[in-house]
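In our numbering, the protein residues as written are 1 to 470.
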RNA sequence: GCUCCCUUCGUCUAGUGGCCUAGGACGCUGGCCUCUCACGCCGGUAACAGGGGUUCGAGUCCCCUAGGGAGUACCA
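Below, the structure written as structure tokens:
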């Protein structure tokens, strides 16, 4: 039997990290078992579903690399099928029309609550006799079994038993004839041959009702795995006030998709002490039954650390693939300046995000029109002028513009003026980078090239001359 | 209220009755390295929600309590 899993978001917003993780687990499970991963868009809520949301979800999944084998299927295109199933349920006596008004139901629920009971439909229309009331469009309710219990053998939660007496006759078709969620998922999962339903544990309560419908339909039951939800860093339900919740926002902030994937996988799932997993390793090791039962809090610091690990250990070419978007955002053209591969190599150990890396690369590709005020105040002092001028002259005469000779030269000039290396390197750094932060000074100059280096040193010398002597 | 789910360092987790005076990771922190920023390396901090059982022995099994979450819609 081929394993078939699905991700079934409703398009009412962007792809958020909670959804992304259940999608990831579904995807991993399918890949692990050589199965099929299906994408289904649950857009039966016409009011809240939008085309933009569909695109946002598709975009997010594409960026994460969660490719699907079938779909996307849209529930709005399957209304005929749902109608048929509802009719079938009606014909076989598993469903009935209910003429209760909203007001009537509200009264009933209030009474139940007053008696400290669980509010639920009491099935009064099951046996409604005589002519239906005129002008009232009925809803269709599923006839839930009255006794017995439903047992869900959940891959994550274990055995969960719910008494049928706790369940009521849920509405499967609205008065306008459109199907509701619990009916459409069941029909779709059945039609699409889903063998494993991996979804958020907020659906655990729906599962017994869905199983009952499945059974009324004579369908084979899938295996369920209800994965816990992701909480915000404060342990509360994830929402916008926790910062980035949209997957695409992480791209903007400079995260590598594989870092996010790795982080999401490790949230609620683990394999011994291992923290970093390649996609192949995850596919090889992932099992739904190893997923933790408790929900976990999203920890931005750890994600940042993981991102840094990935940046440090990835091939420069791969980084550039994702970095170029950030460079473009800042108006930088990596073809006009030092070899971007060499620049990235110097940055892999000094940037936690691609956004930070792009900022760090700025002075390699753009002219600097000012110095960082604080750094200049600290390092750009008139007394460094002689050394700086000597260095500039020496650099202009240097035979080969390369890291080692540049390093030797700076060291020699520093010694000549009885300065520690840092005392000379820092002013040079501010002069060429605009701030007291850059890769090692010899590498920085080597990459920048002789022309740019000398021009910026010249600018610095002129700037120093404008300062009042102490 | 009712039903269901959950509970190991601040956070993510290891742990399936003795290997646990509870291990790893992030964070925080002391030090080393150092031309800046970083990387790296060595060290430190900190947890079995509480209470009862079962057992020679419990983080691990059972029960209760507390706390957290979900559902309880003509939303999904």
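Don't be surprised by glycine CBs; every beta carbon is placed ideally from N, CA and C.
- Between which two residues does the alpha helix (DSSP H) containing residue 300 stretch? 300-313
Can the beta-carbon of residue 406 be found less than 9 Å from the beta-carbon of residue 419?
By the CB criterion at 9 Å, residue 406 and residue 419 fall outside the cutoff.
If the criterion is Cβ atoms closer than 9 Å, does the pair residue 315 and residue 349 meet it? no
### Query
Less than 9 Å separating the beta-carbons of residue 86 and residue 173?
yes
Taking only runs of the beta strand (DSSP E) that begin and end inside the segment 150-211, which ones reach a length of at least 3 residues, in chain order?
158-163, 171-173 and 196-200
*asked:* So, for residue 248: in the same chain, excluding its five sequence neighbours on each side, which residues have a beta-carbon less than 6 Å away from its beta-carbon?
replied: 60
| field | Pairwise C-alpha distance: residue 124 and residue 111 | value | Going from the Cα of residue 111 to the Cα of residue 124 covers about 15 Å.
| query | In the segment 420-457, which residue ranges form an unbroken alpha helix (DSSP H) of at least 4 residues, counting only runs that do not cross its ends? | reply | 421-433 and 441-448
**Alpha-carbon spacing of residue 83 relative to residue 177, whole angstroms** = 8 Å
**Asked** Who are the Cβ neighbours of residue 438 in its own chain at under 7 Å, not counting the five residues just before and after it?
**Response** 429 and 444
Of all the options 370, 464, 119 and 98, which has the alpha carbon lying nearest to the alpha carbon of residue 128? Closest in C-alpha terms to residue 128, from the list 370, 464, 119 and 98, comes 98.
Alpha carbon to alpha carbon, how far is residue 454 from residue 340? Give it in angstroms, no decimals.
21 Å
**Asked** Contact between the segment 102-110 and the segment 59-78: three or more CB pairs below 8 Å?
**Response** Cβ pair count under 8 Å is below three, so no.
Pair within 9 Å by beta-carbon distance, residue 303 and residue 354: no
### Query
At a cut of 8 Å, does the segment 135-145 reach the segment 153-163 through at least three beta carbon pairs?
The segment 135-145 and the segment 153-163 do not touch, with fewer than 3 CB-CB distances between them shorter than 8 Å.
- Helix or strand or just coil, what does DSSP make of residue 68? coil
- Let me know if residue 1 comes out buried or exposed under the rule of 16 or more other beta-carbons within 10 Å of its beta-carbon. exposed
- Task: Give the secondary structure of residue 237 by DSSP, where H, G and I count as helix, E and B as strand, and everything else as coil.
- Result: If DSSP states are grouped into helix, strand and coil, residue 237 belongs with the strands.
task = Leaving out five residues on either side along the sequence, give the residues of the same chain with a beta carbon under 6 Å from the beta carbon of residue 42.
result = 8, 10 and 75
ask   = Do the segment 261-271 and the segment 288-299 make contact, defined as three or more Cβ pairs closer than 8 Å?
value = yes
*asked:* Strictly by DSSP, which residues pair up with residue 73?
replied: According to DSSP, which records beta bridges pairwise, residue 73 is partnered with 40.
>> Helix, strand or coil for residue 121? Go by DSSP, reduced to three states.
In response: Of the three classes helix, strand and coil, the one that applies to residue 121 here is coil, per DSSP.
**Where the alpha helix (DSSP H) containing residue 417 begins and where it ends** = That residue, residue 417, is in no alpha helix (DSSP H); it is neither H nor E in DSSP.
Could you tell me the distance, in whole angstroms, from the CA atom of residue 38 to the CA atom of residue 5? 6 Å
Q. Using the beta-carbon count (16 or more within 10 Å), is residue 367 buried or exposed?
A. exposed
Practice prompt. Give every residue of the same chain whose Cβ lies closer than 6 Å to the Cβ of residue 226, excluding the five residues on either side of it in the sequence, and list them in chain order.
Written response: 154, 156, 157, 201 and 204
I'd like to check one pair, residue 417 with residue 393: are the Cβ atoms closer than 9 Å? No.
Taking 7 Å as the limit between beta carbons, can you name the residues of its chain near residue 343, skipping five residues before and five after? Here residue 343 has 361, 364 and 447 as same chain residues with Cβ atoms under 7 Å from its own Cβ, once five neighbours each way along the sequence are excluded.
- Task: Could you please give me the residues that DSSP links to residue 54 through a beta bridge?
- Result: Note: residue 54 sits in no beta bridge, so no partner.
_Quick check on residue 317: buried or exposed, where buried means 16 or more other Cβ atoms within 10 Å of its Cβ?_
A residue is called buried once 16 or more other Cβ atoms fall within 10 Å of its Cβ, and residue 317, having fewer, is exposed.
Item to complete: Return the CA-CA distance between residue 48 and residue 12, expressed in angstroms with no decimal places.
Response: 6 Å
Count the other C-beta atoms from every protein chain shown that fall within 10 angstroms of the C-beta of residue 468, then say buried if there are 16 or more, exposed otherwise. By the 16-neighbour rule on beta-carbons within 10 angstroms, residue 468 is exposed.
inquiry  = Quick check: what's the CA-CA separation for residue 56 versus residue 320?
reply    = 24 Å
Could you name the residues of the same chain whose beta carbon sits closer than 6 Å to that of residue 109, not counting the 5 residues immediately before and after it, in chain order?
-> 119
Ordered along the chain, which non-local residues of its own chain (more than five positions away) have a Cβ less than 7 Å from that of residue 310?
256, 258 and 259
- Task: Identify every residue that forms a DSSP beta bridge with residue 97.
- Result: In the DSSP secondary-structure assignment, residue 97 is bridged to 140.
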